[in-house]
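Asker: One structure, pasted below without further comment.
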Ligand code: AMP
Ligand code: MG
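Residue numbers (our numbering): -12 to 402.
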């Protein structure tokens, strides 16, 4: 085959995102089950929120003109709990009112009960207002949050709990979302054993399997786990064919480097094509993107996407977050797929940078700076649990204590 040159991360990501085609199929889900799904149709409000003027405090509704100076005394003519509708308010009177209750016609302000003193009982309650009242005080106006007709959620939004709450606040019981992306995953390596099994000499536990499944499901995908696949061309090809049948994307770990035990790339070439391979980054160089034919379907548009991640657990974690995550999000119809990150202060020195762009596992300290994990090797999974995120360091870029660096927090990358 024609060996492609090593790509920069930006080139690789641009090519990957260009190949990510959003799923066309949508489905309707209860707003209760919207969390984590991607909105396919805008949510518009048919109503004002709040629907009518109401009070944000427990207290007294009144006409501000009746209390322009502290000390006004008004007769309490009615009582309006939340969920009821009061009578029009006559001049010189006040209404006892509770948070969320509608402002009665004629009233234009609310006085907090803490700024008043009520005396008397039954029909003869009088309230002294201990402040000068400003028109509009403690009133929440109709449509102040949302105006009838407004778009409250745009298509391509990933639904957070607060977005589901917002949809519910305009009365939406159901939402139209993109169907879940179907992702198949398998793990290559004759050395792999499962937790619960005894470790034979030379074996290691399959940590990638637990990490990848969580990452894939965390993005709202339906994940099929094909388990451990032995290091042979035939077995790799046969699982690829099986996985391509009914999945949008196949993700693998390991076996994608240059050794003769690395069968993933030749297997994908035999069952389809490799479009990108090897990216200039650390950790994670041996990343591959390609397509796998679906059994029985000959046209290219119906091929399954393939992404091969490196075997080293830190490399597969980092490349998943930086490449697979935006790819999956775009396939799910999400419009904003790349992390924003933030500038933070380095509280360490990094005098010997790599030629490749490097992603260091780092943690925020109490002084508002970043510390790095002492061992940045791609086999040290501990660093990913210790850390709060990744520092994105350009190639050949040394860092001095106090420099500002670009930090990608896990709170953003794992959302
Ligand atoms: P490979 O890319 O297959 O050469 O694997 C690179 C390194 O990652 C080797 O040390 C493997 O043993 C290790 N490795 C591969 N797959 C896994 C896995 N699923 N879980 C943990 N380590 C793995
Ligand atoms: Mg291997």
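By construction, the Cβ of each residue, glycine as well, lies at the ideal position given by its N, Cα and C atoms.
A quick note: this is a predicted structure, and the numbers were derived from the prediction, not measured.
In chain order, which continuous runs of the beta strand (DSSP E) of length 3 or greater are located wholly inside the region 9 to 79?
Answerer: Qualifying beta strand (DSSP E) stretches, in chain order: 13 to 17, 46 to 49, 59 to 67.
Asker: What residues are listed by DSSP as bridge partners for residue 103?
Answerer: The residue labelled residue 103 in the question sits at position 116 within the chain shown. The partner list for residue 103 (beta bridge, DSSP) reads 116.
Asker: In the DSSP assignment, find the unbroken alpha helix (DSSP H) run with residue 0 in it and report its ends.
Answerer: Taking the first residue of the chain shown as 1, we reach residue 0 at position 13. Here the alpha helix (DSSP H) through residue 0 covers -4 to 6.
Asker: In angstroms, rounded to a whole number, what distance separates the CA positions of residue -5 and residue 33?
Answerer: For the purposes of this step, residue -5 is identified with residue 8 of the chain shown, where counting begins at 1. For the purposes of this step, residue 33 is identified with residue 46 of the chain shown, where counting begins at 1. Rounded to whole angstroms, residue -5 to residue 33 spans 48 Å at the Cα level.
Asker: Output the distance between the C-alpha atoms of residue 319 and residue 165, rounded to the nearest integer angstrom.
Answerer: Position 332 of the chain shown, counted from the start, is the residue given in the question as residue 319. Position 178 of the chain shown, counted from the start, is the residue given in the question as residue 165. Distance between the alpha carbons of residue 319 and residue 165: 6 Å.
Asker: Along the chain, where does the alpha helix (DSSP H) that runs through residue 226 open and close?
Answerer: For this step, residue 226 is matched to residue 239 along the chain shown. Residues 220 to 232.
Asker: In this structure, does DSSP put residue 123 in helix, strand or coil?
Answerer: Against the chain shown, residue 123 aligns to sequence position 136. If DSSP states are grouped into helix, strand and coil, residue 123 belongs with coil.
Asker: Would you mind reading off the limits of the alpha helix (DSSP H) that contains residue 198?
Answerer: Counting from 1 along the chain shown, the entry for residue 198 is found at position 211. Counting along the chain, the alpha helix (DSSP H) containing residue 198 begins and ends at 194 to 205.
Asker: Quick one: using the 10 Å Cβ neighbour count with 16 as the cut-off for buried, is residue 388 buried or exposed?
Answerer: Indexing the chain shown from 1 puts residue 388 at position 401. Answer is exposed; the Cβ neighbour count stays below 16.
Asker: Once the 5 residues before and after residue 39 are set aside, which same chain residues still bring their CB inside 7 Å of it?
Answerer: On the chain shown, position 52 is the one that residue 39 refers to. Counting only Cβ-Cβ distances below 7 Å, and skipping sequence neighbours, we find 89, 129.
Asker: Is any heavy atom of the ligand AMP found at a distance shorter than 6 Å from the C-beta of residue 244?
Answerer: As a first step, residue 244 is located in the chain shown; it is residue number 257 there, counting from the start. Indeed, a heavy atom of the ligand AMP lies less than 6 Å from the Cβ.
Asker: So, at 6 Å on beta carbons, what are the nonlocal neighbours of residue 311 in its own chain, with the 5 sequence-adjacent residues on each side left out?
Answerer: Against the chain shown, residue 311 aligns to sequence position 324. Cβ within range, chain order: 294.
Asker: Determine the contact status of residue 392 and residue 378, defining contact as a CB-CB distance below 7 Å.
Answerer: The residue given as residue 392 occupies position 405 in the chain shown. The residue given as residue 378 occupies position 391 in the chain shown. Yes, the Cβ-Cβ distance between residue 392 and residue 378 is below 7 Å.
Asker: Count Cβ pairs between the region 227 to 238 and the region 262 to 273 that sit closer than 8 Å; are there 3 or more?
Answerer: As far as the Cβ criterion goes, the region 227 to 238 does not touch the region 262 to 273, which means the pair count is below three.
Asker: How is the alpha helix (DSSP H) around residue 149 delimited, first residue to last?
Answerer: What you label residue 149 is simply residue 162 of the chain shown in a count that begins at 1. First-last of the alpha helix (DSSP H) with residue 149: 148 to 156.
Asker: With the cut-off set at 7 Å, would you say residue 7 and residue 323 are in Cβ contact?
Answerer: If you number the chain shown from 1, residue 7 lands on position 20. If you number the chain shown from 1, residue 323 lands on position 336. The answer is no: Cβ separation not under 7 Å.
Asker: Is it right to say residue -12 is buried, meaning 16 or more other beta carbons lie within 10 angstroms of its own, or is it exposed?
Answerer: In the chain shown, the residue the question calls residue -12 occupies position 1. In this prediction, residue -12 scores a pLDDT of 46, lower than 50, which makes its location untrustworthy; no coordinate-derived value is stated.
Asker: Check for me: the alpha helix (DSSP H) holding residue 317 runs from which residue to which?
Answerer: Taking the first residue of the chain shown as 1, we reach residue 317 at position 330. Counting along the chain, the alpha helix (DSSP H) containing residue 317 begins and ends at 312 to 318.
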